[in-house]
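Shown next, in structure tokens, is the structure this report addresses.
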Amino acid sequence: MFISQRVQSVPPSGIRRFFDIAATMHDVISLGIGEPDFISPRSVRTAGINSIENGETKYTSNSGTMELRVALANHLVKLYGVKYDPAQELLITVGVSEALHCAMLALIDPGDEVIVPEPCFVAYKPSVVFAGGTPVVVATRVEDNFQVTGEEIERAITPRTKAILIGYPNNPTGAVMSREHLLEVARVAEKYNLIVLSDEIYDRLVYGVEHTCFAALPGMCDRTILLGGFSKDYAMTGWRVGYVGANREILAAIAKVHQYIIMSAPTMGQSAALHGLLHAEADVQEMMRQYDQRRQVIVAGLNTIGLPTFEPRGAFYAFPDVRPTGLSSEDFCERLLIEEHVAVIPGGAFGACGGGFVRACYATSMANIEEALTRIERFVNQVK
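To convert a position in the sequence shown, counted from 1, into this note's numbering, add 710.
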């Protein structure tokens, strides 16, 4: 009776159960956790060590070090032409998870609705609920390459709609939104005076296409809360450094939440992130090259096995359709783990429309991917 209704209304993560089972087993190949298998680049590690050795173990400014914010502002201008004032329009956070949570608390009042296209990262809907809002789901389909359209979003709008939350490149599908579809979303946001929260944590991990930063679209910078970070692109998950870019009024509100619940992102993590921006571009490019090779192998392998897999163009996930086996995605994942010691995640963990699919993360070695494909093929042949 002591637990809040908000917390009770949110189910436990659908991912965690499979990790818990896998942790009790030997010889498991995990295609489950969404984390780079690379270690952080040498310049990043050295900067973090030097920061500690130099005694930089105290809080920074609530907003993060000015050096990191200036470098980040320059980085976003160079990549996307998006201009943020590092003093008043950029905030360094403890990963994108904290950035999203603070943004929701700063924006949402009880009863406000946030449109959330699915499948999506598991924290999106809970972040809305914890802020007192109501997530309104818009389902995407493999036939449309899991890209949401402006028309689909517009149909979900009510007088209580306040924001749209999108995440591309997408976790779990690997989909990348085309500029054309993003412009559709932008027109809807402008028409109905909505804020767009754009989670672009995988922005550098795209293959054969260009990433379009939502804030760079015409007229969208002031209407966008840009969420990003260093965990995926720079293999810096454990350093916990993310950021928010927004207009001054909105960022001040987000920063107010941030200063009361966090104080500041880790000081040595900020030093490491700064050196990542300034010195690790070659490392990012090499990781992208290897991810692309793995992407091609796993997608071709899954298709050959008989699990139709559309071509992911971003992040490091494949999202095969397991319905040809006659199993639900949950049964497929559980049996594959128990019988062949391969861990993948049921698509339904990322939204109801992900049912019938599973997420396979290819942020692991090529040897692991090839062995996993051998085991998956053996399993599929047994259950068909």
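Backbone N, C-alpha and C fix where the C-beta goes; we use that ideal spot for every residue, glycine too.
Among the candidates the options, whose CA atom is the shortest distance from the CA of residue i?
i, options, result
"Pro845", "Glu823, Phe831 and Ile971", "Glu823"
"Gly1024", "Gln798, Arg950, Asn881 and Leu1047", "Asn881"
"Thr803", "Leu936, Leu915 and Ser719", "Leu936"
"Ser908", "Tyr878, Gly918 and Pro928", "Tyr878"
"Ile749", "Glu1080, Pro976, Asp943 and Asn1078", "Asp943"
"Arg950", "Val838, Ile972 and Val919", "Ile972"
"Thr977", "Ser888, Thr1035 and Thr767", "Thr767"
"Phe1089", "Val1032, Leu915, Ser1075 and Ser888", "Val1032"
"Val916", "Pro928, Ile825 and Ser888", "Ser888"
"Leu904", "Cys812, Cys1063 and Gly860", "Gly860"
"Pro746", "Thr947, Val1052 and Ile1048", "Thr947"
"Ala990", "Thr734, Val838 and Pro751", "Pro751"
"Glu1087", "Tyr912, Cys1063 and Leu1046", "Leu1046"
"Phe856", "Pro827, Gly843 and Glu864", "Pro827"
"Gln798", "Glu959, Glu1050, Leu1083 and Ile863", "Glu959"
"Gly791", "Ser753, Ala925, Asp1041 and Ile759", "Ala925"
"Pro829", "Met776, Gly1064 and Asp913", "Gly1064"
Suppose contacts are defined by Cβ-Cβ distances below 9 Å. Is residue i in contact with residue j by that definition?
i, j, result
"Phe1026", "Gly805", "no"
"Asp993", "Asn957", "no"
"Gly1066", "Ser1039", "yes"
"Val895", "Val858", "yes"
"Ala866", "Leu817", "no"
"Val954", "Phe840", "no"
"Arg1005", "Pro1022", "yes"
"Val720", "Lys835", "yes"
"Ser773", "Ser941", "no"
"Leu892", "Thr871", "no"
"Pro1034", "Cys1043", "no"
"Ala1070", "Ile1008", "yes"
"Leu810", "Asn1078", "no"
"Leu801", "Ile964", "yes"
"Val832", "Val886", "no"
"Glu808", "Gly952", "yes"
"Val898", "Ile863", "yes"
"Ile743", "Glu1081", "no"
"His968", "Asp737", "no"
Since residue i is in the alpha helix (DSSP H), which residue starts that stretch and which ends it?
i, result
"Pro836", "Tyr834 to Phe840"
"Glu828", "Careful: Glu828 lies outside any alpha helix (DSSP H), inside the beta strand (DSSP E) at Glu823 to Glu828."
"Cys1071", "Looking at the DSSP string, Cys1071 is not in any alpha helix (DSSP H); the run it does join, the beta strand (DSSP E), is Val1068 to Cys1071."
"Gly979", "Thr977 to His989"
"Val847", "That residue, Val847, is in no alpha helix (DSSP H); its beta strand (DSSP E) goes Thr844 to Ala849."
"Thr1084", "Met1076 to Val1093"
"Ile863", "Gly860 to Arg865"
"Thr756", "Arg752 to Glu763"
"Gln969", "Arg958 to Ile971"
"Gly897", "Note that residue 897 is Arg in the sequence shown here, rather than Gly. Here the alpha helix (DSSP H) through Arg897 covers Arg889 to Lys901."
"Asp786", "At residue 786 the sequence reads Leu, which differs from the Asp that was named. Start and end: Met776 to Tyr790."
"Glu1049", "Ser1039 to Glu1050"
Going by other Cβ atoms of all chains shown within 10 Å of its Cβ, with 16 needed for buried, is residue i buried or exposed?
i, result
"Gln715", "exposed"
"Gly1058", "buried"
"Ile869", "Just to set this straight, residue 869 is Pro in the shown sequence, not Ile. Flag for Pro869 reads exposed."
"Tyr769", "exposed"
"Tyr970", "exposed"
"Gln980", "buried"
"Gly929", "exposed"
"Thr1019", "buried"
"Gly1036", "exposed"
"Met814", "buried"
"Ser837", "buried"
Starting from residue i, trace the beta strand (DSSP E) both ways and give me its first and last residue.
i, result
"Leu927", "Run containing Leu927: none; DSSP gives neither H nor E here."
"Gly952", "Gly952 to Gly955"
"Gly877", "Thr871 to Gly877"
"Gly938", "Thr934 to Gly939"
"Ile905", "Ile905 to Asp909"
"Ile802", "Leu800 to Thr803"
**Message:** Whether or not the stretch 847-855 and the stretch 980-999 are in contact is what I'm after, with contact meaning three or more pairs of Cβ atoms, one per stretch, closer than 8 Å; do they touch?
**Reply:** No: the two stretches stay apart, fewer than three of their Cβ pairs being nearer than 8 Å.
**Touch test, the stretch 993-1003 against the stretch 773-784, Cβ-Cβ under 8 Å, three pairs minimum** = Because the criterion of three Cβ pairs below 8 Å is not met, the stretch 993-1003 and the stretch 773-784 do not touch.
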